[in-house]
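Residue 4 is where the sequence shown starts when you use my numbering, and the numbers rise one by one after that.
Heads up, the beta-carbon is just placed ideally off N, CA and C, and yes, glycines get one too.
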Amino acid sequence: MRNVILDCDPGHDDAVSIIIAASKKSDLNILGITTVAGNVEVEKNTQNALKVSELLKLEVPVVQGAERPLVKQSEIAPEIHGDTGMDGPELPEPTMRVKEGHAVDFIIDQVKRSKEKVTLVPTGPLTNIAMALIKALEIKENIDEIVLMGGGTFGNWTPAAEFNIYVDAEAAKVVFESGIPIAMFGLDVTHQVIATPDIVERVGKIDNEIAQFVKELLIFFGQAYKDHFGFNGGPIHDACTTMYLMKPELFEMQHLNVSIEIKGEFSYGMTAVDKLNVTGLQANTHFAWSVDQDEFWNVFEAVLESYGEV
Ligand code: RIB
Ligand code: CA
Numbered sequence: 004m005r006n007v008i009l010d011c012d013p014g015h016d017d018a019v020s021i022i023i024a025a026s027k028k029s030d031l032n033i034l035g036i037t038t039v040a041g042n043v044e045v046e047k048n049t050q051n052a053l054k055v056s057e058l059l060k061l062e063v064p065v066v067q068g069a070e071r072p073l074v075k076q077s078e079i080a081p082e083i084h085g086d087t088g089m090d091g092p093e094l095p096e097p098t099m100r101v102k103e104g105h106a107v108d109f110i111i112d113q114v115k116r117s118k119e120k121v122t123l124v125p126t127g128p129l130t131n132i133a134m135a136l137i138k139a140l141e142i143k144e145n146i147d148e149i150v151l152m153g154g155g156t157f158g159n160w161t162p163a164a165e166f167n168i169y170v171d172a173e174a175a176k177v178v179f180e181s182g183i184p185i186a187m188f189g190l191d192v193t194h195q196v197i198a199t200p201d202i203v204e205r206v207g208k209i210d211n212e213i214a215q216f217v218k219e220l221l222i223f224f225g226q227a228y229k230d231h232f233g234f235n236g237g238p239i240h241d242a243c244t245t246m247y248l249m250k251p252e253l254f255e256m257q258h259l260n261v262s263i264e265i266k267g268e269f270s271y272g273m274t275a276v277d278k279l280n281v282t283g284l285q286a287n288t289h290f291a292w293s294v295d296q297d298e299f300w301n302v303f304e305a306v307l308e309s310y311g312e313v
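Here it is, written out as structure tokens:
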């Protein structure tokens with residue numbers, strides 16, 4: 004069992020990532036779910052995290068975090084995720100309550116008290132992670148790895164920058180310069196896991212409540228990506244993190260240096276992926292270039308089917 008904290012901004016693909024982590028197939032021990040301002044305002048992301056946790060009967064703390072990035076003002080993406088941040092499926096208002104306190108303090112406390120090293124799994128802007136490292140740098144010693152969705156060799160928010168990194172590039176710089184091992188799932192690999200109509204049909208055939216919820220998520224998310232980017236479905240970006248934790252062999256990774264741009268007029272938020280080691284800088288990231296797509300979807304299908312097993 005690997006101790007993990009899921010730091011997220013649900014978010015359709017964040018919700019899918021949580022579902023993978025919570026499944027009996029994952030062998031992950033979720034210490035908590037922390038939320039951050041990202042896809043929409045942090046309050047809405049938190050409500051969505053509570054709704055998904057309740058649907059999963061997942062009895063772990065949900066703790067709200069940063070309301071805005073370290074330096075810049077927030078930018079949100081309702082055009083992709085809808086005004087609620089998780090438009091599409093209807094879930095009841097949660098009876099679960101958010102845990103008192105701030106996500107940053109929760110992360111620090113959980114990492115300090117964990118007897119095993121903790122893996123942090125951020126799938127939104129890196130504000131909470133950076134704040135935890137700034138407030139209590141000593142927690143580095145008990146963090147096994149940071150497995151994150153963000154960045155890439157191209158952008159989806161600007162030509163150079165992916166949304167999660169762009170929203171808080173200063174926070175990303177703190178994280179990538181922390182010296183903590185990083186596994187990075189950027190757009191290069193996440194755009195290889197697009198939930199096309201045939202994938203949605205495969206999910207729709209799985210007869211349990213969780214699979215049907217995921218089908219609804221994928222339908223809304225896919226339409227948003229079709230309307231906004233002309234894609235044939237929604238890339239389930241964040242799911243790459245928890246799929247990697249389950250089946251690392253699905254991914255082709257390269258250990259290289261990634262530096263974060265925080266100054267450029269056109270390049271702010273860029274992750275400078277040093278594929279050819281032209282900088283000679285120390286490798287700080289295991290970067291995912293590709294994934295075995297057929298096997299990814301087979302594992303994904305098995306995870307959803309496991310929710311119907313008694
Ligand atoms: O750019 C994709 C990322 O931004 C995903 O994490 C998605 O949920 C949004 O947060
Ligand atoms: Ca996200």
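Residue 43 and residue 79 closer than 7 Å at C-beta: yes
Residues surrounding ligand 1 [beta-carbon distance to nearest heavy atom under 6 Å]: 12, 14, 16, 17, 41, 42, 126, 127, 152, 159, 165, 166, 167, 240, 241
Close beta carbons around residue 282, own chain, < 7 Å, minus the five adjacent residues each side: 260
Segment contact flag, the segment 54-70 with the segment 104-123, C-beta cutoff 8 Å, min 3 pairs: yes
Inter-stretch contact at 8 Å, needing at least 3 Cβ pairs: the segment 157-165 / the segment 128-147: no
Burial state of residue 219, where buried means 16 or more other Cβ atoms lie within 10 Å: buried
Burial state of residue 38 (16 or more Cβ within 10 Å): Buried, by the Cβ-count rule.
Backbone CA spacing between residue 81 and residue 297 [nearest angstrom]: 30 Å
Spatial neighbours of residue 271 in its chain, beta-carbon cut-off 8 Å, leaving aside the 5 residues before and after: By the criterion of a C-beta distance shorter than 8 Å, residue 271 is surrounded in its chain by 161, 163, 164, 169, 172, 264, 265, once the five residues flanking it on both sides are discounted.
Bounding residues of the alpha helix (DSSP H) (the contiguous stretch that carries residue 16): 15-25
Given residue 183 as reference, the closest of 203, 191, 124 once Cα atoms are compared: 124
Neighbourhood of residue 29 by C-beta distance below 8 Å, restricted to the same chain and skipping five residues each side: 23, 245, 248, 249, 306
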